[in-house]
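So the mapping is simple: my numbering equals the position in the sequence shown, first residue as 1, plus 241. These notes are about the structure you will find just below.
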Amino acid sequence: MGNSGSILKRPLWALVAVLPLLSGCSAEEQVEYDLPNSLCGVPVDRSVIEPIFPPGKELTQEGGALPDGQDRSYCSYLVDGNTAVSLSDQRYQEKLTARDVIMKTTPQGHAEEVSVVASGDIALYRGHAVGVTACSGFPSEVDGEESRVYAVMVGIGDSENWQEAQTKLTQFMEEFLPAAAQADRCSD
Numbered sequence: 242m243g244n245s246g247s248i249l250k251r252p253l254w255a256l257v258a259v260l261p262l263l264s265g266c267s268a269e270e271q272v273e274y275d276l277p278n279s280l281c282g283v284p285v286d287r288s289v290i291e292p293i294f295p296p297g298k299e300l301t302q303e304g305g306a307l308p309d310g311q312d313r314s315y316c317s318y319l320v321d322g323n324t325a326v327s328l329s330d331q332r333y334q335e336k337l338t339a340r341d342v343i344m345k346t347t348p349q350g351h352a353e354e355v356s357v358v359a360s361g362d363i364a365l366y367r368g369h370a371v372g373v374t375a376c377s378g379f380p381s382e383v384d385g386e387e388s389r390v391y392a393v394m395v396g397i398g399d400s401e402n403w404q405e406a407q408t409k410l411t412q413f414m415e416e417f418l419p420a421a422a423q424a425d426r427c428s429d
């Protein structure tokens, strides 16, 4: 009986010894910067954008606002000097699907890696997502032609787990696409 008490205490002491190391690691991987109130000029809740931003200390924005009345716009966010989130939007004259739009930027020979969510409005490829919705009444990328589709493209920085990134991007796009289309005054 004398030995069994000390054997049970060993795992407890090991846990107590490792706990400060574990808590030290998690402190390094925190978001220390303030998240923006709007993402590239599109008002969205913090809960929508928080999952796609990585840990870090400093956040800076480059580019303009997406809802700027232009047929295409670009904006990106850098965390500690590295591109963390990049967004762009574009109006198309032709009736394109999310797969059509993402295939314009997917390297040749990688089509099998593109996935499309059940609704068909969102396509994903290695840390990138495209969402499309109907949009009329504004100029498109073709001079003199009215737009029919509004597309938002989002890419996140390096990810060690692409499946996890795809899930986050799908959830983000489901919330962000309607907000961006509304902010850019798309009507269908």
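Even for Gly, the Cβ is constructed at its ideal location relative to N, Cα and C.
Where residue i falls: helix, strand or coil (DSSP)
i: residue 349; result: coil
i: residue 401; result: coil
i: residue 407; result: helix
i: residue 418; result: helix
i: residue 259; result: Confidence is the limiting factor: at residue 259 the pLDDT is only 40, short of 50, which leaves the residue's position unreliable, though a coordinate-based value still follows. Looking at residue 259 - three-state DSSP - the assignment turns out to be helix.
i: residue 412; result: helix
i: residue 270; result: coil
i: residue 283; result: strand
i: residue 254; result: Any reading at residue 254 must be qualified, since the residue scores a pLDDT of 39, below 50, and its modelled position is unreliable; the value itself is stated next. Of the three classes helix, strand and coil, the one that applies to residue 254 here is helix, per DSSP.
i: residue 292; result: helix
i: residue 424; result: helix
Supposed contact pair residue j and residue i - C-beta distance, whole angstroms, cut 8 Å
i: residue 303; j: residue 317; result: 5 Å
i: residue 386; j: residue 334; result: 4 Å
i: residue 320; j: residue 284; result: About 21 Å separates the two Cβ atoms, so there is no contact after all.
i: residue 337; j: residue 390; result: 5 Å
i: residue 418; j: residue 372; result: 4 Å
Identity of the residues DSSP links to residue i by a beta bridge
i: residue 361; result: Beta-bridge pairing links residue 361 to no other residue.
i: residue 391; result: 332, 374
i: residue 315; result: 329
i: residue 438; result: Lying outside 242 to 429, the shown extent of the chain, residue 438 is not represented and no answer is given.
i: residue 396; result: 327, 369
i: residue 356; result: 365
Nonlocal neighbours in the same chain, by C-beta distance under 7 Å from residue i, ignoring five residues either side
i: residue 354; result: 366, 367
i: residue 340; result: 355, 357, 364
i: residue 398; result: 295, 323, 324, 325
i: residue 289; result: 413, 416, 417
Same chain only: Cβ atoms within 6 Å of residue i, ignoring 5 sequence neighbours per side
i: residue 395; result: 328, 370
i: residue 282; result: 306, 307, 308
i: residue 407; result: 365
i: residue 330; result: 307, 314, 393
Entirely enclosed beta strand (DSSP E) segments - the region 319-346, minimum 3 residues | Here the runs fully enclosed are 323-333.
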